[in-house]
Each structure stands twice: as structure tokens, then as C-alpha cells.
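Residue numbers for the sequence shown follow the numbering used here, beginning at 4 and rising by one.
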Amino acid sequence: MPDSAPPHAVATLIDRIRTVVGDRGLLTDPIDTESAAEDWRRLFKGRTQAVVRPGTTEELAAVVRLCAAAGVPMVAQGGNTSMVGGAVPNEDGSELVISTARLNRVRALDPIDMTMTIEAGVTLKAAQNAALEKDCMLPLSISSEGSAQIGGVLAVNAGGNNTVRYGNARDLVLGLEVVLPDGTIWNGLRKLRKDNTGYCLRQLFVGSEGTLGIITAAVLKLVPRSREIAVAFCSVPSAAAALDLFARVQAHDAAAISAFELMSGLGTDLVLRHIPNAVLPLAEPAPFYVLVELATPRPNAGLRASLETVLEAALAEGVVVDAAIAESDAQRAAIWRLREEHSEAQKREGASVKNDVSVPVSKVPAFIDEATAACEKLIPGVRAVPFGHMGDGNIHFNLVQPIGGDPRWFLDQDHPIMDTVNEVVRKYDGSFSAEHGIGKLKPYMMPEWRGGAELDLMRRIKDAIDPRGLMNPGKVLP
Ligand code: MLT
Ligand code: ZN
């Protein structure tokens with residue numbers, strides 16, 4: 004339990020905070036506080052008396068100092084797009100939400116150093132666009148990039164569509180600025196590619212989900228902008244065929260793969276049904292689909308021809324049933340939309356239980372087959388919708404409620420469902436949380452998966468940096 008103040012202590016603190024951030028930096032209207040206290044999936048509903056929106060790192064640090072002095076716990080929040088309730092306060096109203104939304108400046112962008120120094124509240128999409136303006140690229144892309152903010156993206160170590168080529172968010176971080184639980188500002192905004200000077204502190208904060216401090220700015224690595232991109236949408240008879248196709252693309256031009264995404268027939272069907280203007284670019288529906296993207300900064304690299312060569316052979320051998328290669332930017336976007344709208348389509352279909360898991364890439368087909376069978380046995384009529392980042396082994400093994408079933412009842416089965424899926428994940432030496440983090444949803448899994456020395460070390464780190472447990476209580480650690 005955090006050493007926190009009672010709810011009334013928050014009320015007395017708010018006036019003091021107002022003198023630091025002004026009226027603009029403080030939201031106390033129930034419309035604002037209620038929406039900040041609920042996650043977008045509507046799985047967790049907390050309560051907070053105020054959302055504090057500092058305009059600078061110094062203001063944020065001053066707010067943290069005031070909260071620390073009053074013993075009031077803090078929940079950092081960016082775009083509030085966490086899949087695991089990582090940014091919602093608890094139910095008793097004793098925690099303050101600190102929003103990074105107004106820390107939204109690109110402080111620097113250097114195309115020679117290939118870095119950008121960017122504040123936590125910049126959306127991922129805005130960061131990508133800023134890089135493109137200077138002919139560079141921030142190679143991180145996730146479905147929620149229009150609202151997810153850099154601070155949250157780093158706090159959870161987001162992965163997404165380009166991990167197969169560029170790694171996760173942590174692989175792109177050269178430097179960080181963090182406000183520590185006592186309000187101290189750690190300025191580690193270095194741009195160096197080589198810097199072996201003791202413990203790598205920035206990587207401690209990346210992935211810590213706001214439990215060790217609040218990330219206020221970062222130096223991110225950029226790459227040269229892609230000059231040629233080729234995207235194909237393929238139907239395949241099985242997940243095993245999708246793996247075969249991955250091996251073929253890798254053998255042909257591994258360095259060009261920038262995304263290799265899997266979609267099930269059912270998941271894609273939900274997108275076609277629920278998302279306006281979504282169209283299948285192929286004549287017939289199939290059990291699985293694959294989106295392959297090749298990209299390179301080299302002009303005239305012949306990526307389309309490369310893709311055609313691989314696909315022709317795969318079609319001839321029945322590995323691929325049909326394929327469409329995008330002929331324009333609009334077609335490319337339409338294909339990507341079929342993939343990106345999977346979560347939204349599932350939400351519109353009814354209740355779903357998400358399993359953000361990873362296994363070695365070579366085990367993806369076996370995992371999907373076995374996890375599907377296990378879930379269908381657990382809940383007859385449940386609909387498995389596996390999709391996601393097959394190229395890095397991260398599958399979103401989501402389960403949609405049986406048709407006509409009670410959504411509340413289905414959501415109450417989340418632990419048995421997740422445990423059933425995780426048993427198969429364990430068999431293949433996978434992870435129960437690949438890219439969404441632990442948040443409020445999964446701390447109960449930590450002892451079983453990370454218990455012993457690993458969890459003990461995590462607790463000692465938490466106690467050393469945040470001894471009073473004021474930063475994002477109840478998240479990550481059980
Ligand atoms: C995605 O890749 O679209 C999201 O991470 C997945 C999800 O909604 O489970
Ligand atoms: Zn994903």
C-alpha cells in the first residue's frame with residue numbers, strides 16, 4: 004500500500020497546484036475528471052479530483068514536489084490509450100492525474116545526427132510528421148498513434164507494426180528527461196550513439212509505466228525516410244502458410260521487410276462489417292490474410308518487382324491463394340486500414356478479452372491452433388480473433404464473446420480466458436505481455452511469470468526510487 008494521503012488532502016492541495024499551473028493547467032470539471040479516470044476500453048473506472056496539465060517540465064516538477072510533500076499519489080497520463088488500464092487512477096479519488104498533454108513541443112530535430120528531442124505530450128503521429136518534414140522517419144507505428152503520446156509510448160515501451168525491422172520504442176531512445184518521485188528533474192537528454200557511463204538509467208524508465216517517475220521529454224533516433232514502399236495484401240490458407248510466406252520474404256530480401264502482419268478471416272470480416280468503406284481487395288474471403296510491407300530509403304530499388312517474385316512463387320505452390328499489391332498511396336492506406344481497424348471493429352462487435360502475447364516467430368502457427376482449441380473448449384461459441392505482428396512473434400490473441408451472449412458475463416471470464424491462453428504461451432516460452440504492458444490488468448500474473456529473483460529485484464528498484472509508492476500505485480507490481 005502506498006504511504007498516501009486521505010482523499011481530502013487532495014482537495015487542499017489543488018489550490019496550491021493552481022498557483023503553479025494556473026487555471027489553464029487544472030481541470031476539475033466532472034466531465035474532464037471522469038473521462039480522465041476511465042480507460043478507453045471502459046474496463047477500469049476510477050475517480051480523481053483533478054487533472055493537472057503542466058505546461059513545462061519545471062511546472063510538472065513543482066507539481067510533483069507539492070504532491071510528494073502532501074503524500075498524494077500521482078498517475079501520469081498521456082493519450083490514455085493504454086490497453087491494460089495503465090493510466091487510470093484508483094476508485095477512491097485520492098490520486099491526482101498528471102497529464103502531459105501540454106508538454107507538446109518538438110524541441111529539436113537534427114537530420115545529420117538523425118535525432119529528435121521531443122516532449123512527452125507530442126502525439127506519435129505528430130512526431131512522425133515532424134520527422135518526415137525533415138526527410139527523416141520515426142520508425143514506430145501503432146494503431147493508436149493519432150492520440151497516443153510519446154511519454155506514454157515510452158513508458159509502456161510500445162512495439163507496433165515496425166518492430167520486425169526497427170525494434171520496440173526502447174530501441175529508439177537515446178536520451179530521456181524524467182521528473183522523479185520527489186520532484187527532482189533528471190536531465191539525461193543526450194544524443195549520443197555511444198555512451199557507456201554506468202547503469203543505463205533511461206532504459207529503467209522506459210517500460211516502467213509511470214511507476215518510477217514521469218517522462219517529460221526524450222531524444223529519439225530517426226532513420227532516413229523511405230523513398231520506396233511496396234505493400235501487398237495476401238490471402239493464405241492457414242497461419243502455417245503465413246509463416247512459410249514470411250520465411251520466403253526473409254530469404255528474398257530480409258532487410259527490406261518493414262512490416263509483416265497477420266489477420267484472421269473472422270477479424271477481417273468484422274472490419275468489413277463494422278468499419279465504413281472498408282473493402283476486401285481480393286475476390287474471395289480466406290481463413291487468414293497477411294499484409295507485407297517492404298520499404299527502403301534507396302530510390303528505384305525495385306521493391307515491387309521483389310514482392311512480385313516472392314508472391315508468384317508462393318502462389319504457384321499454394322502458399323498464397325491470392326494477392327493484391329497496392330498501386331497507389333490511397334490503396335496502400337486502404338490495405339493498412341483493414342489491419343489498423345481490427346481493435347475498433349472488435350469493440351463494435353461486442354465484448355472482447357485481449358491477450359497481447361508473444362512467442363518465437365516459428366511457433367506462431369502452433370500457438371494459434373492450440374490456443375484457439377483451448378479457448379473454444381473453455382467457452383463454447385467464443386470467437387478467436389488472432390491478429391498482429393507476426394514478423395516479431397507478437398500476436399493479439401483476442402477473444403470475442405459468443406454471438407448473442409451476455410457481454411458482462413463474458414468480460415467476467417477474463418482471468419480464466421487469459422490463463423488458458425497463457426498456458427499455451429508458456430509451452431512455447433513466450434511472454435504474457437508483449438507490447439501493451441502490465442498496467443492494472445496483469446499485475447496478478449507477475450508472481451507466476453516473473454517471480455523469484457526477478458520480481459524481487461523489481462520491487463527493490465521501485466522501493467529505492469519511489470520509497471513512498473506515490474507513482475502510479477497498483478500498476479505493474481502486484
Ligand atoms: C494493434 O496492434 O492493433 C493493437 O496493439 C492491438 C489490440 O487491440 O489488441
Ligand atoms: Zn499491436
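All C-beta atoms in this analysis are idealised placements derived from N, C-alpha and C, irrespective of residue type, glycine included. Nothing here was measured: the structure is a model prediction, and the numbers come from that model.
With respect to the C-alpha of Val239, the residue from Gly58, Ala377 and Leu294 having the closest C-alpha is Leu294. Of Gly154, Glu296, Pro227 and Arg335, the smallest CA-CA separation from Ser102 is found for Gly154. Using a cutoff of 8 angstroms, the CB of Ile145 counts as near the ligand MLT, since one of the ligand's heavy atoms is closer than that. Within its own chain, the residues whose Cβ lies closer than 8 angstroms to the Cβ of Phe291, once the five positions on either side in sequence are excluded, are Ser238, Val239, Pro240, Ser241, Ala242, Ala244, Ala245, Leu265, Met266, Ser267 and Gly268, listed in chain order. Here Ser261 is near Val167, since their CB atoms are less than 9 angstroms apart.
Checking the DSSP bridge columns, you'll see Gly178 partnered with Val222. Taking 9 angstroms as the cut-off, the Cβ atoms of Ala348 and Val234 do not count as close. When secondary structure is reduced to three states using DSSP, Glu347 falls in the helix class.
Trp189: member of the beta strand (DSSP E) spanning Ile188 to Gly191, first to last residue. Each of Val479, Phe263, Leu480 and Leu473 was checked against the Cα of Leu69, and the nearest Cα belongs to Leu473.
Contact between Val424 and Ala374 holds: their C-beta atoms lie close to 5 angstroms from each other, under 8 angstroms. The Cβ-Cβ distance between Phe249 and Val360 does not fall below 9 angstroms. In the three-state reduction of the DSSP assignment, Gly154 falls in the helix class, which pools H, G and I. In the structure shown, the three-state DSSP call for Ile101 is strand. According to the DSSP assignment, Ile441 belongs to no alpha helix (DSSP H), since it is labelled neither H nor E. The Cβ atoms of Ile232 and Ala298 sit closer than 9 angstroms to each other. In this structure, DSSP gives Gln80 an extended state, which the three-state scheme calls strand. Membership of Arg386 in the beta strand (DSSP E) is indicated by the continuous run Arg386 to His392. Taking the Cβ of Asn397 as the reference point, at least one heavy atom of the ligand ZN falls within a distance shorter than 8 angstroms.
Ranked by Cα distance from Ala259, the first of Leu310, Ala289 and Pro279 is Leu310. In the DSSP assignment, the residues bridged to Ala298 are Ile232. The shortest CA-to-CA distance from Pro33 to any of Thr22, Arg50, Arg44 and Gly25 is the one to Arg50. For the options Arg105, Leu127, Ile115 and Ile188, the alpha carbon positioned closest to that of Gly163 is the one of Leu127. For Val167, the uninterrupted alpha helix (DSSP H) run begins and ends at Thr166 to Tyr169, by DSSP. The DSSP-derived three-state label of Met86 is coil. Less than 9 angstroms separates the beta-carbon of Gly396 from that of Lys366. Under the DSSP definition of a beta bridge, Thr375 lacks any partner. For the pair Phe413 and Met421, the Cα-to-Cα distance works out to about 12 angstroms. Between Val226 and Met86 the beta-carbon gap is near 26 angstroms, outside 8 angstroms, which marks them as no contact. Beta-bridge partners of Leu265 (DSSP): Val293 and Gly391.
Under the DSSP definition of a beta bridge, His399 partners with Asp359 and Phe390.
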